[in-house]
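Enquirer: The structure is given below, and queries will be raised subsequently.
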Amino acid sequence: MEIVDKLLNHSRLALSKAITAVENEYDDAVKIMTEIYPHTGNAYVIGITGPPGAGKSTLTDKLAKEYRKRGKTVGIVAIDPTSPYSGGAILGDRIRMMDLMADEGIFVRSMATRGSLGGLSQKAGDAVKLMDAYGMDVIIIETVGVGQSEVDIVKTADTTMVVVIPGMGDDIQAIKAGILEIGDLFTINKADREGTDKLNIEIEMMLELNPEHVGWRPPINRTIASKGEGIEAVVDSIEAHKAYLIDSGKLNDIRKKRIKNEVEAMLNDRVNRYIDKEVIQTQEFDDLVVKMQSREIEPYSVVDDIVGKVLK
Ligand SMILES: Nc1nc2c(ncn2[C@@H]2O[C@H](COP(=O)(O)OP(=O)(O)O)[C@@H](O)[C@H]2O)c(=O)[nH]1
Ligand SMILES: [Mg+2]
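FYI, the numbering for the sequence shown is 341 to 652, going by my numbering.
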């Protein structure tokens, strides 16, 4: 396909159009992904999550610039389920994007969730692959850690960083436990604020109680992202985690699991769509529902019948 050839030849426009095709499920999206797939698997993927307003976008911007200093190209996929109508956040992202876009070695893409998170993790994963095929060395996915879907998105990363800030009330408790567990590293941003030491101790205690990270102790870094302070140490920590994953052979395992999860999601999606169209949205099914309601038949054998027919 022409668009794929152009993308592989570093056309930013082609990359942008390909992501749009995936995002909007255009007819050629699957074909694009099919042709791009052999060219993926080279980028290092970093997931950044944390509560809204923690400074994830500010941090992402600074991390991207630090990676550029180190000679790496960077792709950014920003997902904010509270957008598109939260005004400030989007405007802020746009301004930062324009700033970053001036650099050829950086490509930023915001993905709106349009009210529903369904299929978003797949679309985000596809956007990552497109940037990977384009040739970005490092790809950062930024997402608000509010629900399972967002957690699923960052789980596709090689290294996951959880951003927290002091003064969130019952600090740690205010953040979903599930998010803390996925952190390969922690960044206390807004370290210019009071409560930074306390938060640091709380995270350390939580890590003590949750010895899930065998072989790797998640480091806790402090940053003032808005001033660009502490950024180098964060990149050093990410690189240390990457080296650990490579040396221990875990990077292979993570990527194998990622492919497994992706294919499982694709299969589930395909089967769900098929059942919805061919079974649920039919008059025949409506008639069955009426019969179940009047207790003429029961749902268990209905399900058996349908599954038998679908799997045939
Ligand atoms: N005081 C302080 N403010 C910060 C820091 N980092 C970011 N901010 C501000 O926090 C607000 C939210 O930042 P943003 O990056 O959009 O947060 P996100 O929602 O997590 O992406 C912005 O007004 C930033 O300027 C920091 O280290 N200290
Ligand atoms: Mg943001």
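Even glycine gets a Cβ: it sits at the ideal position worked out from N, Cα and C.
Here the structure is a predicted model, which is why all the values come from computation and not from measurement.
#1: Between Leu470, Val503 and Thr374, which lies nearest to Val484 when the distance is taken from Cα to Cα?
#2: If you compare alpha carbons, which of Ile519, Asp524 and Glu482 is closest to Thr500?
#3: With distances taken between CB atoms, is the gap from Pro506 to Thr527 smaller than 8 Å?
#4: Quick one: is the Cβ of Ser397 within less than 7 Å of any heavy atom of ligand 2?
#5: Taking 8 Å as the limit between beta carbons, can you name the residues of its chain near Gly455, skipping five residues before and five after?
#6: Please classify Ala369: does DSSP put it in a helix, a strand, or coil?
#7: Helix, strand or coil for Glu710? Go by DSSP, reduced to three states.
#8: Could you give the DSSP three-state label for Thr400: helix, strand or coil?
#9: Answer yes or no: the CB of Ser566 versus the heavy atoms of ligand 1, is any distance below 7 Å?
#10: Using the three-state DSSP reduction, which class does Glu604 fall into: helix, strand or coil?
#11: Mind checking whether the beta-carbon of Ala464 lies closer than 7 Å to any heavy atom of ligand 1?
#12: At a cut-off of 7 Å, is Thr374 close to ligand 1 when judged by its beta-carbon and the heavy atoms of the ligand?
#13: Which parts of the segment 465-503 are runs of the beta strand (DSSP E), unbroken and 3 residues or longer, counting only runs that do not cross its ends?
#14: Could you give the C-beta distance for Val574 and Thr563, rounded to a whole number, given that I count them as a contact under 8 Å?
#15: Pull up the distance between the alpha-carbon of Val478 and that of Ala565, whole angstroms please.
#16: What span of residues does the beta strand (DSSP E) with Val414 cover, start to end?
#17: Would you mind giving the Cβ-Cβ distance between Asp498 and Ile594, rounded to the nearest angstrom? I have them listed as a contact below 8 Å.
#18: Quick one: what's got a C-beta closer than 7 Å to Ser577's C-beta in the same chain, skipping five residues either side?
#19: With H, G and I counted as helix, E and B as strand and the rest as coil, what does DSSP make of Asn540?
#20: Please list the terminal residues of the continuous alpha helix (DSSP H) segment that includes Gly632.
#21: Rounded to a whole number of angstroms, what is the C-alpha to C-alpha distance between Asp368 and Lys597?
#22: Given the structure, does Thr563 come close to ligand 1, in the sense that its CB is under 7 Å from one of the ligand's heavy atoms?
#23: Can you give me the Cβ contacts of Tyr425 inside the same chain, cut-off strictly under 7 Å, excluding the 5 residues immediately before and after it?
#24: Could you pull the start and end residues of the alpha helix (DSSP H) that Tyr377 belongs to?
#25: By the three-class DSSP mapping on this structure, what secondary structure does Arg352 have?
#26: Looking at Gly554: is its Cβ nearer than 8 Å to the Cβ of Met476?
#27: List the endpoints of the continuous beta strand (DSSP E) containing Val554.
#28: Looking at the secondary structure, which residues open and close the alpha helix (DSSP H) in which Val575 lies?
#29: Return yes when the C-beta of Lys530 is under 7 Å from any heavy atom of ligand 1, and no when it is not.
#30: Which residues in the same chain have their Cβ closer than 7 Å to the Cβ of Asn382, if we skip the five residues on either side of it in sequence?
#31: Going by Cα to Cα distance, which pick from Leu628, Gln633, Glu636 and Ser634 is closest to Ile646?
Expert: In this structure, then:
#1: Of the candidates Leu470, Val503 and Thr374, the one whose C-alpha sits nearest the C-alpha of Val484 is Val503.
#2: Taking only the C-alpha atoms, the option nearest Thr500 is Asp524.
#3: No.
#4: Relative to ligand 2, Ser397 has its C-beta within less than 7 Å of a heavy atom.
#5: In this prediction, Gly455 has a pLDDT of 47, which is less than 50 and means its spatial position is unreliable; what the coordinates show is noted afterwards. Here Gly455 has no same chain residue with a Cβ atom under 8 Å from its own Cβ, once five neighbours each way along the sequence are excluded.
#6: The DSSP-derived three-state label of Ala369 is helix.
#7: Nothing can be reported for residue 710: it is not among the residues displayed for the chain, which extend from 341 to 652.
#8: In the structure shown, Thr400 sits in a helix (DSSP, three-state: H, G or I).
#9: Taken from the Cβ of Ser566, at least one heavy atom of ligand 1 lies inside 7 Å.
#10: In the displayed model, Glu604 falls within a helix according to three-state DSSP.
#11: Distances between the C-beta of Ala464 and the heavy atoms of ligand 1 are all 7 Å or more.
#12: Thr374 Cβ: outside cutoff for every heavy atom of ligand 1.
#13: Those beta strand (DSSP E) runs which fall completely within the segment 465-503 and span 3+ residues are 478-484.
#14: With 8 Å as the limit, Val574 and Thr563 qualify as a contact, their Cβ atoms being about 6 Å apart.
#15: Going from the Cα of Val478 to the Cα of Ala565 covers about 19 Å.
#16: That run of the beta strand (DSSP E) goes Val414 to Ile419.
#17: With a Cβ gap of about 6 Å, Asp498 and Ile594 count as contacting.
#18: Answer for Ser577: Leu525, Pro559 and Asn561, listed in chain order.
#19: Three-state DSSP puts Asn540 in a helix.
#20: Residue identity differs from the one stated: residue 632 is Met in this sequence, not Gly. The continuous alpha helix (DSSP H) containing Met632 extends over residues Gln623 to Gln633.
#21: CA-to-CA, the gap between Asp368 and Lys597 works out to about 27 Å.
#22: Thr563 Cβ: within cutoff of ligand 1.
#23: Bear in mind that a pLDDT of 40 at Tyr425, under 50, signals an unreliable position, so the model cannot answer this.
#24: Tyr377: not part of any alpha helix (DSSP H); DSSP gives it neither H nor E.
#25: Three-state result, Arg352: helix.
#26: Looking at the sequence itself, residue 554 is Val, so the reference to Gly does not match. Between Val554 and Met476, the C-beta spacing is not below 8 Å.
#27: Element bounds for Val554: n/a, residue is neither H nor E.
#28: Counting along the chain, Val575 sits inside the alpha helix (DSSP H) bounded by residues Ile571 to Ser588.
#29: Correct: Lys530 has its Cβ closer than 7 Å to ligand 1.
#30: Asp472, listed in sequence order.
#31: Each of Leu628, Gln633, Glu636 and Ser634 was checked against the Cα of Ile646, and the nearest Cα belongs to Leu628.
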